[in-house]
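Here's the structure we're looking at; comments come further down.
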Amino acid sequence: MEIISKIKTMQEIADSLRRENKKIGFVPTMGALHQGHLSLIKAAREQNDALVVSIFVNPLQFSPEEDYESYPQVMEKDTELCEQMGVDVIFCPEMAEMYPPLPLRERDGVRETTVERQSMCLTTVHVSEITSGLCGLFRPCFFQGVTTVVTKLFHAVKPHTAYFGQKDYQQAVVIKKMISDLNMDIEMQILPIIREKGEKGLALSSRNAYLNPEERIQAGILFETLRIAKLMLDNGERDGVRLSSWMKENIEANPLVLLEYAEVCDTEILKPLFQIETRALLALAVRIGKTRLIDNMIWEQAG
Ligand code: PAF
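If you read the sequence shown in the UniProt record's numbering, its first letter stands for residue 1, the second for the next number, and so on.
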């Protein structure tokens with residue numbers, strides 16, 4: 001397994017693999033790998049000749065008050081896991097490699113503080129409409145940060161197929177739209193959520209590491225709400241407003257859980273559904289203590 005930190009070297013490896021007609025599978029991550037990531041890596045390993053995993057905690061997708069500084073970084077453990085999973089290349093660029101600072105000089109008469117964050121990347125990729133609701137309402141920097149970094153990673157790794165988890169459903173839909181709108185020649189696969197065993201069914205996330213034992217118990221409300229909402233749909237509920245109101249009430253009944261959103265949406269344009277027909281996205285975001293958790297489920301009419 002190679003560990004590559006330079007974009008140019010990564011591009012050369014990708015070019016040489018492509019010259020040999022090798023299929024490149026790519027799993028972009030921010031590290032702190034868990035079984036959710038490993039399920040993507042496993043699928044990518046099975047379906048490609050070469051497998052690249054990137055590990056880069058992307059500052060552009062965090063708002064100033066979010067957990068960029070404390071985001072878990074466990075490179076040694078991640079490297080071991082990648083080695084065990086048969087990864088060929090870990091691409092882990094330094095911050096200055098991905099976002100070189102602008103070469104400001106004293107005589108430019110520009111105070112560096114005024115361009116601190118923006119100086120990292122003057123070109124951004126923005127997907128409109130489907131980024132405005134759900135997580136987009138609560139994390140204003142998030143999607144533009146994600147689509148910008150994923151584009152940069154795609155240009156470095158040059159994958160044939162890229163793998164994302166359904167856990168970040170809106171992110172996956174946004175990236176899919178970006179790939180199609182910008183004619184990127186990349187196949188995208190979205191793989192199912194991996195949950196902790198047991199009835200609490202907590203969706204795996206690197207941020208679960210922030211939860212204390214009491215908060216971990218409270219976090220069970222996410223899967224419980226989704227599971228009951230899905231049962232209500234199975235039993236004939238078709239009123240999206242009534243269903244999302246029930247989801248909100250079920251979560252708000254727990255004083256330790258702060259609701260961000262509980263929505264019943266269209267699965268592609270992510271707009272609230274008033275009348276549910278054959279398919280719906282049930283999506284939740286909450287805060288428990290300092291931890292933000294999201295979860296979702298797709299409901300489809302049987303048959
Ligand atoms: O889902 C993630 O881990 C990140 O948002 C991603 C896609 C690696 C971009 O930084």
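Ideal Cβ positions, reconstructed from N, Cα and C, are used throughout, including at glycine. On a predicted model such as this, the values are computed, not experimentally measured, just so you know.
For Gln170, the distance from the CB to the nearest heavy atom of the ligand PAF is not below 7 Å. Non-local C-beta neighbours of Ile193 in its own chain, meaning closer than 6 Å and more than five positions away in sequence, comprise Gln166, Lys167 and Ala203, ordered along the chain. Set against 7 Å, the gap from the CB of Met10 to the closest heavy atom of the ligand PAF is not smaller. Sequence-distant partners of Gln218 (beyond 5 residues in either direction) whose C-beta falls short of 8 Å from its own C-beta, in its chain, are Asn254, Leu256, Val257 and Ile288. As the crow flies, the alpha-carbon of Thr148 is around 12 Å from that of Val174. DSSP, read as helix, strand or coil, puts Leu243 in helix.
Separation of Gly240 and Glu300 (C-alpha to C-alpha, rounded to the nearest whole angstrom) is 14 Å. In chain order, Phe138, Ala285, Val286 and Arg287 place their CB closer than 7 Å to the CB of Glu260, counting only its own chain and leaving out the 5 sequence neighbours on each side. The ligand PAF never approaches Val87 closely enough for any of its heavy atoms to be under 7 Å from the residue's Cβ. In this structure, Lys152 and Met95 do not form a Cβ contact; the two beta carbons are roughly 12 Å apart against a cut-off of 8 Å.
Judged by DSSP secondary structure, Pro213 falls within the alpha helix (DSSP H) whose first and last residues are Pro213 to Gln218. By the Cβ test, the segment 246–253 is in contact with the segment 222–232, since at least three Cβ pairs between them sit closer than 8 Å.
The Cβ atoms of Thr161 and Gln144 do not sit closer than 8 Å to each other.
Closer than 7 Å to some heavy atom of the ligand PAF: that describes the Cβ of Pro28. In the DSSP annotation of this structure, Phe142 is not part of any beta strand (DSSP E); the continuous alpha helix (DSSP H) holding it starts and ends at Phe142 to Val157. About 10 Å separates the Cβ atoms of Ala44 and Leu38, ruling out a contact at the 8 Å cut-off.
The way I'd put it, the segment 48–63 does touch the segment 17–36; three or more beta-carbon pairs between them come closer than 8 Å. Between the beta-carbon of Lys197 and that of Gly220 there is about 13 Å, and that puts the pair past the 8 Å contact cut.
In terms of Cα proximity to Gly303, the closest of Arg279, Ala283, Ile294 and Leu293 is Arg279.
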